[in-house]
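As structure tokens, the structure follows; a few thoughts come after it.
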Amino acid sequence: MTTKTIEQSIEIEAPASTAYNVWTQFELFPHFMEGVHEVRQKDDRHLHWCAEVGGKVEEWDAEITEQIPDKRIAWRSQGGATNAGVVTFHRLSDDRCRVMLQLEYEPATFGEKIGDVLGVLSRRVSGDLKRFKEFTAARRATLD
């Protein structure tokens with residue numbers, strides 16, 4: 004199978020530490036990630052996902068392979084939808100940061116391959132980052 008990569012970033016009106024703290028509340032992912040039904044944190048390094056992939060609901064586990072507070076978090080899937088990635092948080096100023104996402108995945112089914120050609124996942128990731136920006140702003144407003 005061929006591994007594909009998506010790289011996208013977004014600037015957020017929040018400190019990098021705030022964006023990191025919101026991102027690492029994994030069980031909140033369904034609030035801003037399209038197609039994600041549930042993310043359950045099993046322990047410090049393992050997550051269980053339930054999401055729509057290529058038009059069908061799939062479940063899989065993921066392992067956090069690297070975590071540097073306020074800077075970086077990397078993962079890889081264990082079974083199910085093959086994916087891995089890293090999210091980094093870059094300070095731009097005291098109240099602004101850039102969130103960069105690199106996602107590697109393997110489209111497996113015919114539907115996933117067609118979706119890949121049409122850029123479906125790339126648009127989904129872009130939308131997820133925009134919703135994350137809005138979600139972070141809303142969370143930050145309740146904390147200030």
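Going by this note's numbering, the final residue of the sequence shown carries number 147, and the count climbs one at a time with no gaps.
Glycine included, each C-beta is placed from N, C-alpha and C at the ideal position.
Check your understanding: Whose C-alpha, out of Gly-38, Ser-20, Phe-29, is nearest the C-alpha of Arg-48?
Key -> Phe-29
Practice item. Indicate whether Glu-66 and Gly-83 have their beta-carbon atoms separated by less than 8 Å. Key: no
Practice item. Identify the continuous alpha helix (DSSP H) that holds Ala-84 and give its terminal residues. Key: Counting along the chain, Ala-84 falls outside any alpha helix (DSSP H), and DSSP gives it neither H nor E.
Exercise for review: To the nearest angstrom, report how far apart Phe-138 and Leu-106 are at their CA atoms.
Suggested key: 21 Å
Practice item. May I ask you to verify whether the region 35-43 touches the region 124-138, counting CB pairs closer than 8 Å and requiring at least 3? Key: Touching, yes.
Point to revise | Given Ile-13 as reference, the closest of Ala-141, Asp-97, Thr-91 once Cα atoms are compared | key: Thr-91
Exercise for review: Indicate the three-state DSSP secondary structure (helix, strand or coil) for Gly-88 in the structure shown.
Suggested key: strand
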